[in-house]
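Step one of this worksheet: look at the structure below.
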Amino acid sequence: MVFKKMLSALGVGGPSVDTVLTNPNTRPGLVLDGQVNLRGGESAADIEQVTVALVTRVEMEAGDSEYAGTMEFYRLPVSGAMRLEAKQELAIPFQVPVPWETPITDVYGQRLRGMTMGLRTELAIARAVDKGDLDAVAVHPLPVHEKILEAFAQLGFQFKSADLERGHIYGVQQTLPFYQEIEFYAAPQYAHAIREVELTFVTNQHGVDVIIECDKRGGMFSGGHDTVGRYTAEHAGVDQVDWRQRVEGWLAQTVESYGRHGGMGHQYGHPGKQGHHGGHGGHGMGGVVAGAALGLAGGMIAGEMLDDAFEGDFGDE
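Heads up: the sequence shown begins at 2 in my numbering, then just goes up one per residue.
Okay, structure coming up:
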């Protein structure tokens with residue numbers, strides 16, 4: 002599949018940029034292949050640099066207010082200084098490594114509600130930068146992610162929403178300045194103890210740290226509270242694990258950890274989340290089943306919707 006979008010020209014009669022992705026679908030740890038096609042304008046232009054960057058929408062805090070802003074998390078120069086003659090056409094191939102911690106945007110071919118991801122092309126001429134538009138990118142889960150998400154679905158958890166929070170998780174080796182939260186309404190068999198569950202993956206080349214945060218219900222003499230557990234899973238041998246049983250065990254330990262550890266989570270220590278961490282909007286999408294995209298909102302992969310979501314955020318990072 003070739004996803005193609007004409008970017009804006011730098012001034013009347015200036016150069017134009019056409020970025021082409023060989024395939025906009027990828028996974029953490031893989032690469033995005035494509036090429037930047039330059040076309041000269043009415044006169045020659047001295048180009049200082051051509052850059053592509055992965056960008057996404059992140060929840061942030063500023064004082065007492067919260068807002069969603071566009072954040073760049075990987076930048077790759079694809080060309081240095083050059084002179085582009087009038088009407089000259091030039092193709093610059095590139096390969097963008099997708100960081101292991103890149104959040105998941107699509108599951109079973111459908112966009113996770115709340116997630117946006119794009120590859121932005123920048124053309125710098127005479128100290129002016131045209132950030133242009135975005136090419137939509139879809140990041141699909143790795144096998145270990147799929148197995149864990151399927152286990153939540155099999156247990157009856159209902160997908161609520163997903164977002165990215167700016168900040169770091171205590172005790173977890175994290176390279177990106179944000180983390181993803183995939184939120185679920187509690188499955189019926191857990192509803193007496195918890196209201197919702199937030200699932201976070203922090204992935205590396207060997208495996209994934211799995212952070213589970215349960216919003217526990219209060220009792221007659223106590224209020225509700227959150228309990229957090231951190232667990233690990235490896236990429237190797239993913240098909241030899243009973244993931245439903247493992248996730249059930251993780252959930253049991255997380256729910257029980259408040260009483261055993263005074264709210265300090267799993268034995269790895271409390272993986273508290275530093276930075277923005279508040280309530281989130283969104284509504285349940287009905288019963289979740291593994292083969293039905295976890296109750297995700299369909300039809301949101303279109304590039305036009307991604308452009309609308311990012312509109313107005315350029316320059317606010």
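We treat Cβ as the ideally placed atom computed from N, Cα and C, and that holds for glycine.
Query                                                                                                          : Result
Same chain, Cβ closer than 7 angstroms to Thr106, five either side skipped, listed in chain order              : Arg112, Leu113, Met116, Met118, Ala139, Val140
Gly35, buried or exposed, once every other Cβ within 10 Å from all chains shown has been counted against 16    : buried
From Leu252, Glu90, Lys217, Pro144, residue whose alpha carbon lies closest to that of Gly42                   : Glu90
First through last residue of the beta strand (DSSP E) which encompasses Leu124                                : 118-126
Proximity below 8 angstroms, CB of Val108 to CB of Val209                                                      : no
Beta carbon proximity, Val239 to chain D, threshold 8 angstroms                                                : In the structure shown, chain D cannot be found, because there is only a single protein chain.
Burial state of Ala253, where buried means 16 or more other Cβ atoms lie within 10 Å                           : exposed
Distance between beta carbons of Asp136 and Thr20, contact taken as under 8 angstroms                          : 6 angstroms
Gln323 classed as buried or exposed, judged by whether at least 16 other C-beta atoms fall within 10 angstroms : Residue 323 falls outside the range modelled here, since the chain spans only 2 to 318, and no answer is possible.
Coarse secondary structure for Val239, derived from DSSP in three states                                       : helix
Val99 vs Leu77 beta-carbon contact at 8 angstroms                                                              : no
Ile126 classed as buried or exposed, judged by whether at least 16 other C-beta atoms fall within 10 angstroms : buried
Exposure of Arg121, with buried meaning 16 or more beta-carbon neighbours within 10 Å                          : buried
Residues near Met83 by beta carbon distance below 7 angstroms, same chain, minus five either side              : Ile48
Simplified DSSP state of Ser44, which is helix, strand or coil                                                 : coil
First and last residue of the uninterrupted alpha helix (DSSP H) at His146                                     : 144-155
Arg76: first and last residue of the uninterrupted beta strand (DSSP E) it sits in                             : 66-80
Rounded C-alpha distance that separates Tyr269 from Ala69                                                      : Because Tyr269 carries a pLDDT of 34, less than 50, the predicted location of this residue cannot be relied on, and the following value inherits that uncertainty. Spanning the two alpha carbons is a distance of roughly 31 angstroms.
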